[in-house]
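Here's the structure, in structure tokens; my notes come after.
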Amino acid sequence: MSQEWQVICRVEDIPVLGARVVARAAKPDVAIFRNTENKVFALLDKCPHKGGPLSQGIVFGERVACPLHNWNIELPTGCAISPDEGCTQKFSLKVDADQVYLDANELRTLAIEA
Numbered sequence: 251m252s253q254e255w256q257v258i259c260r261v262e263d264i265p266v267l268g269a270r271v272v273a274r275a276a277k278p279d280v281a282i283f284r285n286t287e288n289k290v291f292a293l294l295d296k297c298p299h300k301g302g303p304l305s306q307g308i309v310f311g312e313r314v315a316c317p318l319h320n321w322n323i324e325l326p327t328g329c330a331i332s333p334d335e336g337c338t339q340k341f342s343l344k345v346d347a348d349q350v351y352l353d354a355n356e357l358r359t360l361a362i363e364a
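First residue of the sequence shown: 251, per this note's numbering; consecutive thereafter.
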């Protein structure tokens, strides 16, 4: 399947050690994270534990701590750090000329609540 990239924002529009929420018509939304090395990641804005909003968590290294129960989620994979278990949906992302792009098809179809 070919990717149809959609511009979301500039890297500098995402707070360092924070997130920006990409609203979708169908929920849940997507969170785009930025760490201190300006690496950018995109995950479903929903912790695999109790559904907490990961966008409100604390980013450190390549992880985010869920604001509800402090589960640590790996930003590159969306998976919880052991001993916790579970993963949240990861979204394809690319950065080109300081622009952040997400796959438009994934935004429309992945992890949609019915």
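C-beta atoms are modelled at their ideal positions from N, C-alpha and C, and glycine is treated no differently. Note that this is a predicted model, so its numbers are computed, not measured.
| field | Touch test, the stretch 258-266 against the stretch 277-296, Cβ-Cβ under 8 Å, three pairs minimum | value | yes
| Residue range of the beta strand (DSSP E) that L343 falls in? | Position 93 of the sequence shown, counted from the start, is the residue given in the question as residue 343. Where L343 is concerned, the enclosing beta strand (DSSP E) stretches over L343 to D346.
| Which residues in the same chain have their Cβ closer than 8 Å to the Cβ of Y351, if we skip the five residues on either side of it in sequence? | Residue 351 sits at position 101 when you count from the first residue of the sequence shown. So the qualifying residues of the chain are W255, Q256, V257, I258, L343, K344 and V345.
| query | What is the DSSP secondary structure of L357, counted as helix, strand or coil? | reply | To locate residue 357, count along the sequence shown from 1; it is residue 107. Residue state, collapsed to three classes: helix.
| Would you call K300 buried or exposed, if buried means 16 or more other Cβ atoms sit within 10 Å of its Cβ? | The residue labelled residue 300 in the question sits at position 50 within the sequence shown. Under this definition K300 is an exposed residue.
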